[in-house]
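Residue numbers (the working numbering): -8 to 438.
Cβ atoms here follow ideal geometry from the backbone N, Cα and C, with glycine treated the same way.
To start, the structure under review is shown below, and the notes come after it.
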Amino acid sequence: MGQTIPVTVLTGFLGSGKTTLLNRILTENHGQRIAVIENEFGEIGVDQDLVINADEEIFEMNNGCICCTVRGDLIRILGNLAKRRDKFDRILVETTGLADPGPVAQTFFVDDDTRDSFDLDGVITMVDAKHAELHLDDSEEAMAQIAFADVLLINKIDLVDGDELNALERRLRAMNAMARIERVRMADAPMEQVLDVGGFDLRRALDIKPGFLEPEYPFEWGGVLHIDGTARFRLHNGPDPAMSAVLEPVDAATPEALTETAERVFTRFSAPDSVLKPGAAIRPGETHWTLGLTGAEHYEYMLEVDRPGLYALFTEHMPEEFDAGFCDAAGATLNVAVEHVFNPEHTHDDTVQSVALELDGEIEEFALSAWLSRLLQTQGPDIFRLKGIVALKGEDRRFVFQGVHMLFDGQPGAPWGDQRRSNRLVFIGRNLDEAALEQGLRDCRVQ
């Protein structure tokens, strides 16, 4: 196929200087022919006279998140450019200031045709020296732009004093210890600091987001069961009053077959017309089912199939969050042959963030109760959702809990058995202090 085409992703929060740097790249005498893919969303675009004079090709994608609604456009444009690879030397993708660059970078690793034709040379993040602290305090996208960067360009350094600049650089270094940091005025970075970075750091991306290389799905869990006519899906109260599910035949009890089936049912997780009542049947080959989980402590749904065989069940949430299990028609336990935790879809509320904590060891029940009670009393309005699974000291069963604003409830879950005892908490809301939350959980651990 020949040599791959290098791609640079240029990102940074609103007003950080991306367009200034882009215009410099388009007009500087660096000897490279550059095709530009620009994602505009409420920002001033490239000056058209400058673009014409620059002899570069500009492809615009407007009014959409580059990682979602226009991602298909990104792949399509890249595919068209691959057919004209003799017309340019490299590609530059400029994201909107409100975009998370992670899914953009992911495109160059998970789409086969894109991976074969292009090489992600690096993610360049522009940082506004004057206003960055404000954005880093209230924007998850701004933090992601810092975390995924290979090069951080602190721009507008003439607008702050040395102490402020040093403090900002220390904060950026704490957020991303591996990126190269350069200080610039009016985006006057030398081209060797922007182009030919040497390759996107995939290992760091996986550290930031372990599911980086996996596509996003509308469900969190999938498992393969052998069903002989009828099986029972038993649940308890969990973090939501309903849970979507799909049942589908699967060719084999292997991770590969489960993933192939997941891709097949992806589009079936659309809004249903009605909610199933407990006791109703979930059948394969139909649109997804939403299971109603209100009004009782225990629930049971039937998994009904026309012929015995292997079937994959996909659920919106993790079964352990509902202390869920399976049995056959006679009531004997039905084991899951193979299972997988999928990378769930992300959302786009600019003011909402998610903090996930994971910690090994056992938790003191009194300390956990006191910490969560104090947290919800003081920050309840900002905590939209809270859910967790913890290993309490002296308890053989998981403790599963949930919270909504200032309301909190928990109950015993499935036994730990031979599995590693660990604690996982997820907070969703505004103004969440991840370090403080992590420290709060650590303070509850048995010493």
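Please report the distance separating the alpha-carbon of Ile35 from that of Thr10.
In the sequence shown, counting from the first residue as 1, residue 35 sits at position 44. In the sequence shown, counting from the first residue as 1, residue 10 sits at position 19. The pLDDT assigned to Ile35 is 31, lower than 50, so where the model puts this residue is not dependable; a value taken from the coordinates is nonetheless given after this. Taking the straight line joining both Cα atoms gives about 8 Å.
Can you give me the Cβ contacts of Asp314 inside the same chain, cut-off strictly under 6 Å, excluding the 5 residues immediately before and after it?
As a working note, residue 314 is residue 323 in the sequence shown. His227, Gly404, Ala405, listed in sequence order.
Am I right that Leu383 and Phe317 are in contact with their C-beta atoms under 8 Å? What's the rounded C-beta distance?
The residue given as residue 383 occupies position 392 in the sequence shown. The residue given as residue 317 occupies position 326 in the sequence shown. At roughly 25 Å, the Cβ-Cβ gap does not stay under 8 Å, so Leu383 and Phe317 are not in contact.
Within 8 Å of any Cβ in chain C, is that where the Cβ of Ala321 sits?
Given the protein chain composition of this structure (a single chain), no chain C is represented.
From Asn53 to Ala138, what distance separates their C-alpha atoms?
Locating residue 53 in the sequence shown gives position 62, counting from the first residue. Locating residue 138 in the sequence shown gives position 147, counting from the first residue. In this predicted model, Asn53 has a pLDDT of only 43, less than 50, meaning its place in the structure is not dependable; the value taken from the coordinates is given anyway. Their Cα atoms are separated by approximately 25 Å.
Considering only residues of the same chain and omitting the five flanking positions on each side of Glu307, which have a CB-CB separation below 6 Å?
Taking the sequence shown and counting its residues from 1, the one referred to as residue 307 is at position 316. Excluding positions up to five away in sequence, the list reads Phe210, Met234, Ser235.
Assign Ala164 to one of three DSSP states: helix, strand, or coil.
Taking the first residue of the sequence shown as position 1, residue 164 is located at position 173. Before going further, note that residue 164 is Arg rather than Ala in the sequence given. It is helical.
Output the boundary residues of the beta strand (DSSP E) element that contains Trp280.
The count along the sequence shown starts at 1 and reaches residue 280 at position 289. That run of the beta strand (DSSP E) goes 280 to 283.
Which of the three DSSP states, helix, strand or coil, is assigned to Arg421?
Taking the first residue of the sequence shown as position 1, residue 421 is located at position 430. Looking at Arg421 - three-state DSSP - the assignment turns out to be coil, as it is neither helix nor strand.
Bridge partners of Gly3, per DSSP?
Counting from 1 along the sequence shown, the entry for residue 3 is found at position 12. Answer is Met117.
When we look at the beta-carbon of Arg389 and count the other beta-carbons within 10 Å, is it buried (16 or more) or exposed?
As a working mapping, residue 389 is identified with position 398 in the sequence shown. So Arg389 counts as buried.
When you compare only the Cα positions, how much space is there between Asp149 and Arg176?
Taking the sequence shown and counting its residues from 1, one reaches residue 149 at position 158. Taking the sequence shown and counting its residues from 1, one reaches residue 176 at position 185. Distance between the alpha carbons of Asp149 and Arg176 is about 7 Å.
Residue range of the beta strand (DSSP E) that Pro240 falls in?
What you label residue 240 is simply residue 249 of the sequence shown in a count that begins at 1. Pro240 -> beta strand (DSSP E) spans 233 to 240.
At the level of alpha carbons, what is the spacing between Leu282 and Pro246?
Start at 1 with the first residue of the sequence shown, and residue 282 comes out as number 291. Start at 1 with the first residue of the sequence shown, and residue 246 comes out as number 255. Near 26 Å, if we compare the C-alpha coordinates of Pro246 and Leu282.
Alpha carbon to alpha carbon, how far is Glu330 from Gln370?
Along the sequence shown, one-based indexing puts residue 330 at 339. Along the sequence shown, one-based indexing puts residue 370 at 379. In a straight line, the C-alpha of Glu330 is about 36 Å away from that of Gln370.
Report the CB separation of Val381 from Ile354 in whole angstroms; it is logged as a contact under 8 Å.
Against the sequence shown, residue 381 aligns to sequence position 390. Against the sequence shown, residue 354 aligns to sequence position 363. Yes, they are in contact, since the Cβ atoms of Val381 and Ile354 sit about 5 Å apart, within 8 Å.
Which of the three DSSP states, helix, strand or coil, is assigned to Asp219?
Position 228 of the sequence shown, counted from the first residue, corresponds to residue 219. Three-state result, Asp219: coil.
Is the distance from the Cβ of Ala303 to the Cβ of Leu359 below 8 Å?
For the purposes of this step, residue 303 is identified with residue 312 of the sequence shown, where counting begins at 1. For the purposes of this step, residue 359 is identified with residue 368 of the sequence shown, where counting begins at 1. Taking 8 Å as the Cβ cut-off, Ala303 and Leu359 do not qualify as a contacting pair.
Do you know how far the Cα of Pro232 is from the Cα of Leu267?
Residue numbering aside, residue 267 sits at position 276 when the sequence shown is read from its first letter. Residue numbering aside, residue 232 sits at position 241 when the sequence shown is read from its first letter. Straight-line Cα distance between these residues: approximately 12 Å.
Within the same chain, show all residues whose beta-carbon is closer than 6 Å to that of Thr2, passing over the 5 residues directly before and after it, in chain order.
The sequence position of residue 2 within the sequence shown is 11, counting from 1. Same-chain partners within the cutoff: Thr86, Pro92, Thr116, Gln136.
Mapping DSSP to helix, strand and coil, what is Asp319?
In the sequence shown, counting from the first residue as 1, residue 319 sits at position 328. Of the three classes helix, strand and coil, the one that applies to Asp319 here is strand, per DSSP.
What would DSSP say about Asn44, mapped onto helix, strand or coil?
Locating residue 44 in the sequence shown gives position 53, counting from the first residue. Residue placement at Asn44 is poorly supported in this model, since its pLDDT is 37, which falls under 50; the coordinates still yield a value, given next. Note: Asn44 maps to helix in three-state DSSP.
With contact counted as at least three CB pairs below 8 Å, one residue from each stretch, are the region 181 to 195 and the region 286 to 298 in contact?
Touching, no, given that fewer than three Cβ pairs across the two stretches are closer than 8 Å.
Give the range of the beta strand (DSSP E) segment to which Leu367 is assigned.
If you number the sequence shown from 1, residue 367 lands on position 376. Unbroken run through Leu367 is the alpha helix (DSSP H), 356 to 370; no beta strand (DSSP E).
Assuming Ala328 and Ala244 form a contact by the criterion Cβ under 8 Å, report the distance between their Cβ atoms to the nearest whole angstrom.
Here the question's residue 328 lines up with position 337 in the sequence shown. Here the question's residue 244 lines up with position 253 in the sequence shown. Ala328 to Ala244, Cβ: 4 Å. Contact.
With DSSP run on the structure shown, which of helix, strand or coil describes Asn439?
Any question about residue 439 goes unanswered here, given that the chain covers just -8 to 438.
Please name the residue in Pro230, Gly213, Arg24 whose C-alpha comes closest to that of Val391.
Here residue 391 refers to the residue found at position 400 of the sequence shown. Ranking the options by Cα distance to Val391, first place goes to Pro230.
For Glu312, report the span of its beta strand (DSSP E) as first-last.
Locating residue 312 in the sequence shown gives position 321, counting from the first residue. Where Glu312 is concerned, there is no enclosing beta strand (DSSP E), given that its DSSP letter is neither H nor E.
Counting only the same chain and skipping the five closest in sequence on each side, list residues whose C-beta sits under 6 Å from that of Gly352.
Within the sequence shown, numbered from 1, the residue matching residue 352 stands at position 361. These residues qualify, in order along the chain: Arg436.
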